[in-house]
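Numbering (our numbering), first residue to last: 100 to 180.
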């Protein structure tokens with residue numbers, strides 16, 4: 100897995116950190132090893148049995164603003180009006 104961390108730009112940092120903008124961490128490990136680490140941190144590995152559709156929460160309804168152009172070719176009205 101590859102993790103990217105960006106620095107908090109609202110806080111003062113050294114010049115070196117300011118020039119870096121972000122840090123990338125690359126980890127190379129088996130899925131089994133990763134699941135063991137999650138379990139050691141208190142996670143239930145059964146929650147990760149599938150990579151498809153995993154979600155820790157519920158999805159909110161999709162806003163009409165993301166629906167784009169309708170089949171008639173008209174843009175739906177903005178919900179902000």
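Don't be surprised by glycine CBs; every beta carbon is placed ideally from N, CA and C.
| Check | Outcome |
| --- | --- |
| Distance, residue 103 Cα to residue 122 Cα | 6 Å |
| N-terminal and C-terminal residue of the beta strand (DSSP E) that residue 103 is part of | 101-105 |
| Top-ranked residue by Cα proximity to residue 126, from 163, 162, 101, 160 | 101 |
| Span separating the alpha-carbon of residue 109 from that of residue 117 | 11 Å |
| Given residue 120 as reference, the closest of 105, 145, 161 once Cα atoms are compared | 105 |
| Residue span of the alpha helix (DSSP H) that contains residue 115, given as start and end | 114-119 |
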